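Residue numbers (our numbering), protein chains in the order written: chain A, 50 to 882; chain B, 2 to 120. Shown next, in structure tokens, is the structure this report addresses.
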Amino acid sequence: MRTHHLPIQGATCQGCASKIRTALSAVPGAGEIQVDLADQEVTVHGDADHAALAHALAESGYGTEAAAPPEAPASDKEPVGGGDIQLAITGATCASCVRTIETALGGVAGVRDASMNLADHSARVSGQAAPRDLIRAVQSAGYGASVIDDPRRADQEREEREQAHYRQLLRHTGYGLGVGAPLMLWGLLGGSMTVQSGTWSQAAWLAVGLITLAVLAAPGRPFFVGAWKALRHHNANMDTLIALGTGTAWLYSMVVVLAPALVPEAARHVYFEASAMIIGLISLGLALEVRARGKTSAAVKRLLDLRAKTARVLRDGGEQDIPVEQVVAGDRVRVRPGEKIAVDGEVEEGSSRLDESMLTGEPMPVAKGPGDSVAAGTLNEGGTLVYRATRVGADTALARIIELVKKAQGTKPPIGRLADQVSAVFVPTIMLIAVAAALLWFNLGPQPPFSHMMVAATTVLIIACPCALGLATPMSVMVGVGKAAEYGILIRQGEALQTAADLDTVVLDKTGTITEGRPALTRVLAADGETEDQVLTLAASLEAGSEHPLAQAIMAAAEERGLAPRSVSDFQALNGKGVSALVDGATVRLGNRRWLEQEGVALALEDQAADLSKDAATPLFLARDDRVIGVLGVADRIKEDAAEAIRRLRERGLRVIMITGDIQASADAIARQAGVDEVLAEVLPEDKAREVKRLQQDGAKVAMVGDGINDAPALAQADVGFAIGTGTDVAIESAAITLMSGSLHGVADAMAISRATLGNIKQNLFGAFVYNSLGVPVAAGLLYPFTGWLLSPVIAGAAMSLSSVTVVSNANRLRFFKPNKADRRTADGGNES
Amino acid sequence: MIWLINLSGLALMALIVWWFWLAGAGKARRATHGAVDIIVDDGVYEPAVIESNAGEPLTLRFERRDASPCAEQVVFHGLDVSEYLPVGETTTVTLTPEQPGTYRFTCQMNMYQGKLIVH
Chain A
50 MRTHHLPIQG
60 ATCQGCASKI
70 RTALSAVPGA
80 GEIQVDLADQ
90 EVTVHGDADH
100 AALAHALAES
110 GYGTEAAAPP
120 EAPASDKEPV
130 GGGDIQLAIT
140 GATCASCVRT
150 IETALGGVAG
160 VRDASMNLAD
170 HSARVSGQAA
180 PRDLIRAVQS
190 AGYGASVIDD
200 PRRADQEREE
210 REQAHYRQLL
220 RHTGYGLGVG
230 APLMLWGLLG
240 GSMTVQSGTW
250 SQAAWLAVGL
260 ITLAVLAAPG
270 RPFFVGAWKA
280 LRHHNANMDT
290 LIALGTGTAW
300 LYSMVVVLAP
310 ALVPEAARHV
320 YFEASAMIIG
330 LISLGLALEV
340 RARGKTSAAV
350 KRLLDLRAKT
360 ARVLRDGGEQ
370 DIPVEQVVAG
380 DRVRVRPGEK
390 IAVDGEVEEG
400 SSRLDESMLT
410 GEPMPVAKGP
420 GDSVAAGTLN
430 EGGTLVYRAT
440 RVGADTALAR
450 IIELVKKAQG
460 TKPPIGRLAD
470 QVSAVFVPTI
480 MLIAVAAALL
490 WFNLGPQPPF
500 SHMMVAATTV
510 LIIACPCALG
520 LATPMSVMVG
530 VGKAAEYGIL
540 IRQGEALQTA
550 ADLDTVVLDK
560 TGTITEGRPA
570 LTRVLAADGE
580 TEDQVLTLAA
590 SLEAGSEHPL
600 AQAIMAAAEE
610 RGLAPRSVSD
620 FQALNGKGVS
630 ALVDGATVRL
640 GNRRWLEQEG
650 VALALEDQAA
660 DLSKDAATPL
670 FLARDDRVIG
680 VLGVADRIKE
690 DAAEAIRRLR
700 ERGLRVIMIT
710 GDIQASADAI
720 ARQAGVDEVL
730 AEVLPEDKAR
740 EVKRLQQDGA
750 KVAMVGDGIN
760 DAPALAQADV
770 GFAIGTGTDV
780 AIESAAITLM
790 SGSLHGVADA
800 MAISRATLGN
810 IKQNLFGAFV
820 YNSLGVPVAA
830 GLLYPFTGWL
840 LSPVIAGAAM
850 SLSSVTVVSN
860 ANRLRFFKPN
870 KADRRTADGG
880 NES
Chain B
2 MIWLINLSGL
12 ALMALIVWWF
22 WLAGAGKARR
32 ATHGAVDIIV
42 DDGVYEPAVI
52 ESNAGEPLTL
62 RFERRDASPC
72 AEQVVFHGLD
82 VSEYLPVGET
92 TTVTLTPEQP
102 GTYRFTCQMN
112 MYQGKLIVH
């Protein structure tokens, strides 16, 4: 008898409760069921299978993701058609298991064939069965199963589909231009494009008209189907414009051909070439766009490619390569040199260097040893490691980064809102303009009115390009956010892109932002007759057992120099003073100056110690018996590249302020080293947000850079919060922008990328607005009264397909943007690429 | 004749205004058990109008059949939700709108248009 607790959601009334009870009581083995609406939880007593209960709950519509069976995520991507389903099977050990499982799978409705491979513990099922049913069948046979969602294969299939679409568009281009171009040439070379009634020309043009109809019906079909469906939904889109434009031209021409008498003699001109050419040109534009678009999502593809396919797991005393989806938290995983880390974990054995640049943008490999964390997607460059999986699947840092980047790429900075509002009413407006233009030509235009009406209306419909307008912002955001991710900068919102471009003040937290965030040994001073190594060895011996950060700094330094601590006895730690112990019969003390003075120790090296203090290091005095033999300077050092990054920020014209809880003197010392000239010292952590607010009230646009945990309120208060992390441990949900690398260069890079992206959006929007607001009036015939020009529908088709390709290509230029280079060249970030 | 053509032109314009802006949009599909299947094809979401209640989790399963790049992404305006829709696959979008109101969901270029009405 077991008790299952399952979370529920959306259950608000007794009616829901009874539905849940009915659903769960149908599960074999379910006994008493209690539904707790207040806590949104259901408790089931009995021997029922947990997964079956969760499944039943999910089916009832009240389940939560947490309660859903483990296979649920896989079912999100159920293939639409049939196709093979590959299952990972657990618990199968022998050939008879294979038979049992194959029989179980074969019994599921819709399965055509099921075969199990014992070697890699997988089963391939063909037919139309739902993965969920297959898994249940295997489970009821006593084994475990999950769908192998092979991301690589799925990606490949997706790519093939995109390729097929691309080729289809090219074919359509061929048909359209193949029919349209000869006709156009004929017209250009002086051939007659008019219809003489009752002559051979009527029959010839009828044949041409039917061929053009085939072009409209085959390559042009998607436009007409789309237009019709949209129309039924009271909606209008690009398809509507193209279908109307080409349809109008064809219909008019057909009327001229079939009933020339209806049309004045001067207006018996046919426009079949326009219909065919437009279909061809727009298909070509779409094909080019498909190509260019593939590149805009390159950043996400690159991240997706980082995912490992298999992991070498140590299970049951042996090693086996299993699909990465099957690794569970707690598994021990071995990774050899040159292999990728499969899931997030903590190193248990071995040491190596990992290339984390793909996630953090930091080019230097990071040393890893037991206790260090490793992140999925990073590359093992050195030795072999064994690590314990801590986060798998969608919980890994890589998975969360991919999710974040994808989401951010879909958001829009406020600058794009106008374009959105315009494009929402764009198409019907263009239709109105087309009709109005036709009426104007009819009433005011020259003879013959009908053909001019038709040309003006068609050209307006075709030249108007809602795509350029709609694409202007999202394309640039997609490339910009992806570009930032390449540099280890995660931008959560499109809005942050815009705000980050107009910042004027940067507030930097000291600890962990400008400095490393943990103390390190900066200097060792030895008194006469002692060596630095002797001093350090003694100090390390004293601190060997201590967890204190200062002790760790000394231990690390000794280890780096290859000094082994000696054994000590009578160890004593005196809080706030220091430590003492017996080493080789002598009393050795390590602590602050005042304590040693109290103990009656003869001081030495006092001037040098005072210099250490000036450089923001804490001097620790080491005494043997009654004499000081050395001084160790321990400081939270500033990051290697902090000064350089701060210089970059100042060169961009930003006001840089350091904020810290430290006393003024030591804050000033750090600020001096880092090259910051404004310091807000002695600020309590809870007051940091207030300081940011004060700056904002003075009119500053403030960026706050901090660690994302202690500084969260200040990050939230700032116009843009930058959470700075070290490696992949950073809490990526805590701020608008996250810097994975821990380097302050990320702030300058983020601003440079934001400015470049915003500049790119502005170019696109400007281009799209100008194109439409010039193109539409010209197409309507605005220039005719002055110059006698009336645009040809074919030119309109070419212009329209070029305009959206231009927007996508311009956004693509951002891919070549280099934030560092831009800094060196200009101060405004520019749009150069 | 002249008047006939002018009048029919004006009537056509009135029809455009009425059909696209004034006449009611498609029938709303009320979310049953918080889940709706939406087909993305030929330039329209089907159904294009979804109704739901504030504070209730909503699951939308988008099945993208249209290979044209426009359909690639669905963006919910005002909810900060967006999702890639791989061709030929069903992609699940879950969201919990907290505030009643009408939220538009569109493709990136606003050609595919849908409405989420939250009561």
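Even glycine gets a Cβ: it sits at the ideal position worked out from N, Cα and C. Please read these numbers as outputs of a predicted model, since none were measured by experiment.
*Among Tyr104/B, Val50/B, Asp67/B, Asn54/B, which residue has its Cα nearest to the Cα of Asn284/A?*
Position 235 of the first sequence, counted from the start, is the residue given in the question as residue 284/A. Of the candidates Tyr104/B, Val50/B, Asp67/B, Asn54/B, the one whose C-alpha sits nearest the C-alpha of Asn284/A is Val50/B.
*When you compare only the Cα positions, how much space is there between Glu127/A and Leu557/A?*
As a working mapping, residue 127/A is identified with position 78 in the first sequence. As a working mapping, residue 557/A is identified with position 508 in the first sequence. With a pLDDT of only 38 at Glu127/A, under the threshold of 50, the placement of this residue in the model should not be trusted; the figure read from the coordinates follows. Roughly 47 Å separates the two Cα atoms.
_Any beta carbon of chain A sitting closer than 9 Å to that of Ser53/B?_
Counting from one through the second sequence, the residue named residue 53/B turns up at place 52. With 9 Å as the cut-off, Ser53/B does not count as an interface residue toward chain A.
*Could you tell me whether any Cβ in chain B is nearer than 9 Å to the Cβ of Glu338/A?*
As a position in the first sequence, residue 338/A is number 289, starting the count at 1. Yes, Glu338/A counts as interfacial toward chain B.
*Sorted by chain position, which residues of the same chain lie with C-beta nearer than 6 Å to Arg874/A's C-beta, five sequence neighbours on each side aside?*
Numbered from 1 along the first sequence, position 825 holds the residue referred to as residue 874/A. Any reading at Arg874/A is ruled out, since the residue's pLDDT is 38, under 50, leaving its predicted position unreliable.
*asked:* Between Ala473/A and Asn111/B, how many whole angstroms is the CB-CB distance? I'm expecting something under 8 Å.
replied: Indexing the first sequence from 1 puts residue 473/A at position 424. Indexing the second sequence from 1 puts residue 111/B at position 110. Contact holds; Cβ gap of about 6 Å.
*asked:* For His120/B and His78/B, I'd like the C-alpha separation in whole angstroms.
replied: Along the second sequence, read from residue 1 onward, the residue named residue 120/B stands at position 119. Along the second sequence, read from residue 1 onward, the residue named residue 78/B stands at position 77. Whole-angstrom Cα-Cα distance: 17 Å.
*What does DSSP give as the partner residues of Phe771/A in its beta bridges?*
Reading the first sequence from its first residue, position 722 is the one you call residue 771/A. Its beta-bridge partners are Val754/A, Ile786/A.
*Leaving out five residues on either side along the sequence, give the residues of the same chain with a beta carbon under 6 Å from the beta carbon of Leu352/A.*
Counted from its first residue, the first sequence places residue 352/A at position 303. The answer, listed in chain order, is Ile451.
*State buried or exposed for Met480/A, treating a residue as buried only when at least 16 other CB atoms are found within 10 Å of its CB.*
For the purposes of this step, residue 480/A is identified with residue 431 of the first sequence, where counting begins at 1. Classification for Met480/A: buried.
*Please say whether Ala730/A and Asp897/A have beta carbons closer to each other than 9 Å?*
Given that chain A is displayed from residue 50 to residue 882, the structure contains no residue 897/A and the question cannot be resolved.
*Would a check of beta-carbon distances place Asp81/B closer than 9 Å to chain A?*
By 1-based counting over the second sequence, the position of residue 81/B is 80. Asp81/B counts as touching chain A.
*Let me know the secondary structure DSSP gives Glu646/A once reduced to three states.*
Here residue 646/A corresponds to residue number 597 of the first sequence, with the count starting at 1. Three-state DSSP puts Glu646/A in a helix.
_Cβ of Leu96/B within 9 Å of any chain A Cβ_ = Taking the first residue of the second sequence as 1, we reach residue 96/B at position 95. Not one chain A Cβ lies under 9 Å of Leu96/B.
*Out of curiosity, what's the CA-to-CA distance linking Gln745/A and Thr548/A?*
As a first step, residue 745/A is located in the first sequence; it is residue number 696 there, counting from the start. As a first step, residue 548/A is located in the first sequence; it is residue number 499 there, counting from the start. Taking the straight line from one Cα to the other gives about 14 Å.
*Beta-carbon of Gly519/A versus every beta-carbon of chain B: anything under 9 Å?*
Reading the first sequence from its first residue, position 470 is the one you call residue 519/A. Yes, its Cβ sits closer than 9 Å to a Cβ of chain B.
*In chain order, each alpha helix (DSSP H) run of at least 4 residues that lies wholly inside the segment 27-94 of chain B*: none
*What's the C-alpha gap between Arg449/A and Ser822/A?*
Looking up residue 449/A in the first sequence gives position 400. Looking up residue 822/A in the first sequence gives position 773. Arg449/A and Ser822/A: Cα-Cα distance of roughly 42 Å.
*Listing by chain order, which chain B residues have their CB less than 9 Å from the CB of Asp288/A?*
Working through the first sequence from its first residue, we reach residue 288/A at position 239. Result: Asp43, Gly44, Met112.
*Have a look at the DSSP bridge pairing and note the partners of Tyr436/A.*
Translated into the one-based positions of the first sequence, residue 436/A becomes position 387. BP columns for Tyr436/A point to Val382/A, Val396/A.
*Alpha carbon to alpha carbon, how far is Gly878/A from Tyr215/A?*
By 1-based counting over the first sequence, the position of residue 878/A is 829. By 1-based counting over the first sequence, the position of residue 215/A is 166. With a pLDDT of 37 at Gly878/A, under the threshold of 50, the modelled position of that residue is not reliable, and no figure is offered here.
*Between the beta-carbon of Val484/A and the beta-carbon of Ile17/B, is there less than 9 Å?*
Locating residue 484/A in the first sequence gives position 435, where the first residue counts as 1. Locating residue 17/B in the second sequence gives position 16, where the first residue counts as 1. In this structure, Ile17/B lies closer than 9 Å to Val484/A by Cβ.
_Against Phe21/B, what residues of chain A qualify as contacts under a CB-to-CB distance less than 7 Å, listed in chain order?_
Residue 21/B sits at position 20 when you count from the first residue of the second sequence. Within chain A, the residues near Phe21/B are His283, Ala285, Pro477.
_Chain-ordered residues of the segment 2-17 of chain B with a beta carbon less than 9 Å from chain A_ = Ile3, Ile6, Asn7, Gly10, Leu11, Leu13, Met14, Ile17
*Can you tell me which of Ser250/A, Gly229/A, Asp656/A puts its alpha carbon nearest to the alpha carbon of Thr261/A?*
Residue numbering aside, residue 261/A sits at position 212 when the first sequence is read from its first letter. Checked all of Ser250/A, Gly229/A, Asp656/A; the closest Cα to Thr261/A is Gly229/A.
*Along chain B, which residues have their Cβ under 9 Å away from the Cβ of Arg207/A?*
The residue given as residue 207/A occupies position 158 in the first sequence. The contacting residues are Pro87, Val88, Gly89, Glu90.
*Using the beta-carbon of each residue, which ones in chain A are nearer than 8 Å to Ala49/B?*
Mapped onto the second sequence, residue 49/B falls at position 48. In chain order: His282, Asn284.
*Mind pulling the chain B residues with CB within less than 8 Å of Ser332/A?*
Your numbering for residue 332/A matches position 283 in the first sequence. Going along chain B, no residue has its Cβ under 8 Å from Ser332/A, so there is no contact; the nearest lies around 11 Å.
_Partner residues on chain A for Ala24/B, Cβ-Cβ distance less than 7 Å_ = By one-based count along the second sequence, residue 24/B stands at place 23. Per Cβ cutoff of 7 Å: His283.
*asked:* So with CB distances below 7 Å, who are the chain A contacts of Pro70/B?
replied: Numbered from its first residue, the second sequence carries residue 70/B at position 69. The answer, in chain order, is Glu338, Val339, Arg342.
*Name the chain B residues whose beta carbon is nearer than 8 Å to that of Asn861/A?*
Counting from one through the first sequence, the residue named residue 861/A turns up at place 812. Near Asn861/A there are no residues of chain B at all, since even the closest Cβ is about 14 Å away, more than 8 Å.
_is_contact[Arg210/A, chain B] using C-beta, thresh 9 Å_ = Looking up residue 210/A in the first sequence gives position 161. Judged by the 9 Å Cβ criterion, Arg210/A is in contact with chain B.
*Using the Cα positions of Ala79/A and Ile57/A, report the straight-line distance between them to the nearest angstrom.*
Translated into positions along the first sequence, residue 79/A becomes position 30. Translated into positions along the first sequence, residue 57/A becomes position 8. C-alpha separation (whole angstroms): 17 Å.
_Closer than 9 Å to chain B by CB, Gln21/A_ = Past the edges of chain A, shown from 50 to 882, lies residue 21/A, and the structure says nothing about it.
*asked:* Is there a C-beta anywhere in chain B that falls below 9 Å from the one on Pro271/A?
replied: Walking along the first sequence from the start, residue 271/A turns up at place 222. It does; some Cβ of chain B falls within 9 Å.
*Tell me Asp558/A's beta-bridge partners as DSSP assigns them.*
Walking along the first sequence from the start, residue 558/A turns up at place 509. DSSP lists Ile708/A as partners of Asp558/A.
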